[in-house]
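Just below is one structure, and these are the notes that go with it.
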Amino acid sequence: MKTDRTVVITGAAGGMGAVFVRRFLDNGDLVIATDAAADSLAALADSMNSARLRIRAADITDEADTKALAELARQATGRVDVLVNVAGYFPVQPFLEMSAADWRKIIDINLTGTALMCQAMLPLLTGRGWGRIINIGSASIYAGVPGQAHYVAAKAGLIGLSAAWRGSSAAKACASTSWRPASPSPPPPRRRFRSRFRTPPSRVGA
């Protein structure tokens, strides 16, 4: 079924993001795909080969960049029907070795960036009284993942953000939901790196 929506997807150059891009394009939607990795984003555009795809490299933790993405959508169709917040970063690092800067970086990418994207897109999402925000959470908030305390904390905050949104007045014009897939499989080098930091449950260092 062709839907002809305007969809904004963050983290679009990654594996999960690219799946969302392909699915919405196949539905006949116009997709605005963004990612911090400009080269990977260009490769995505080449692989999709679609006139309905717009790409823009951006840092979602930068408010100016999120507003520029909203302006791109406004110029393209004047609206946003769906916002999919896929962008995320999940390094492995023992808790006692995390600096304040390490902690803030992960919180900014996985939580603050999503909040900024929602703020930037909301005027375009609520204009027609029908909008959807999909925030990608993580099953790790229930199971716990050794070496990812900052990531798990950020994803737990994301679930709270979605819940708070559902109770707001704007939720009448734009629904928000969080989807918690199992942890995505990282590329082989990262998988090998992560295995070095496996910590038994109930031990300090998560």
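Start counting the sequence shown at 2; every next residue gets the next number (the numbering used here).
We treat Cβ as the ideally placed atom computed from N, Cα and C, and that holds for glycine.
query	result
Validate contact between the region 25–45 and the region 92–100 using beta carbons, cut 8 angstroms, 3 pairs	no
Cβ shell of G12 (< 7 angstroms), same chain only, five flanking positions each side left out	G18, D36, V87, A88, G89
Buried versus exposed call for Y143 [16 or more other C-beta atoms within 10 Å across all chains shown]	exposed
Integer-rounded CB distance, given that I61 should sit under 8 angstroms from M122	M122 to I61, Cβ: 11 angstroms. No contact.
Within the region 68–110, ranges of the beta strand (DSSP E) (whole runs, at least 3 residues)	83–86
Same chain only: Cβ atoms within 7 angstroms of A116, ignoring 5 sequence neighbours per side	L162
DSSP three-state assignment for T115, whether helix, strand or coil	helix
Assigned exposure category for G55 - 16 Cβ within 10 Å defines buried	Residue 55 is actually Arg in this sequence, not Gly. Buried, by the Cβ-count rule.
From V85, D63, A14, residue whose alpha carbon lies closest to that of L126	V85
Backbone secondary structure at D60 - three-state DSSP	coil
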